[in-house]
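Notes for the one structure printed next.
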Amino acid sequence: MKIHLEPDDLVPLVREIVRETLRTVAEEQQARDGRRERETAAERQALTLRPREAAKLLGISERTLWSLTQPRGPIPSVKLGRRVAYPVDLLREWLLKAAKGSEV
1 MKIHLEPDDL VPLVREIVRE TLRTVAEEQQ ARDGRRERET AAERQALTLR
51 PREAAKLLGI SERTLWSLTQ PRGPIPSVKL GRRVAYPVDL LREWLLKAAK
101 GSEV
């Protein structure tokens, strides 16, 4: 079985194939961009806070934060080189416990 096509018959077919291909590529690009944007937002969220940021988050002064920082007090912190940092996850856990009255 042979199909005979004239050059004028091919133009609309090629245009439709190109249109569908471009649409598919655009959809795939949008999906990749969406994933990349979500990953970037997650990376931007800090894992630790500096003392000033932690105090502001907790609504207390830096001096109060220092007096409540472990080992003197219950607020968890970590040492990164010479810098003291407050892990966001541990601060949230501590706040939940403090709100329940089990620790302050």
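Residues in the sequence shown are numbered consecutively from 1, following the UniProt record's numbering. For every residue, glycine included, the Cβ atom is placed at its ideal position computed from N, Cα and C. Small disclaimer: the values here were computed from a predicted structure and weren't measured.
- Under a 10 Å Cβ-count criterion, Leu-5 is classified as exposed, with fewer than 16 other Cβ atoms of the shown protein chains found around its own Cβ.
- Leu-91 sits in a helix when the DSSP states are folded into three classes.
- Minimum Cα-Cα distance from Leu-49 among the listed residues Val-18, Val-78, Arg-63 corresponds to Val-78.
- With a 10 Å radius around the Cβ and a threshold of 16 neighbouring Cβ atoms, Ile-75 comes out buried.
- As a beta-bridge residue in DSSP terms, Val-78 pairs with Ala-85.
- With the rule of 3 Cβ pairs closer than 8 Å, the stretch 7 to 26 does not count as touching the stretch 52 to 63.
- Annotation for Thr-69: no alpha helix (DSSP H) segment contains it, and DSSP assigns it neither H nor E.
- The beta carbons of Pro-51 and Val-88 sit about 13 Å from each other, so the pair does not count as a contact at 8 Å.
- Contact check for Ala-55 against Leu-65 passes: the beta carbons are separated by less than 7 Å.
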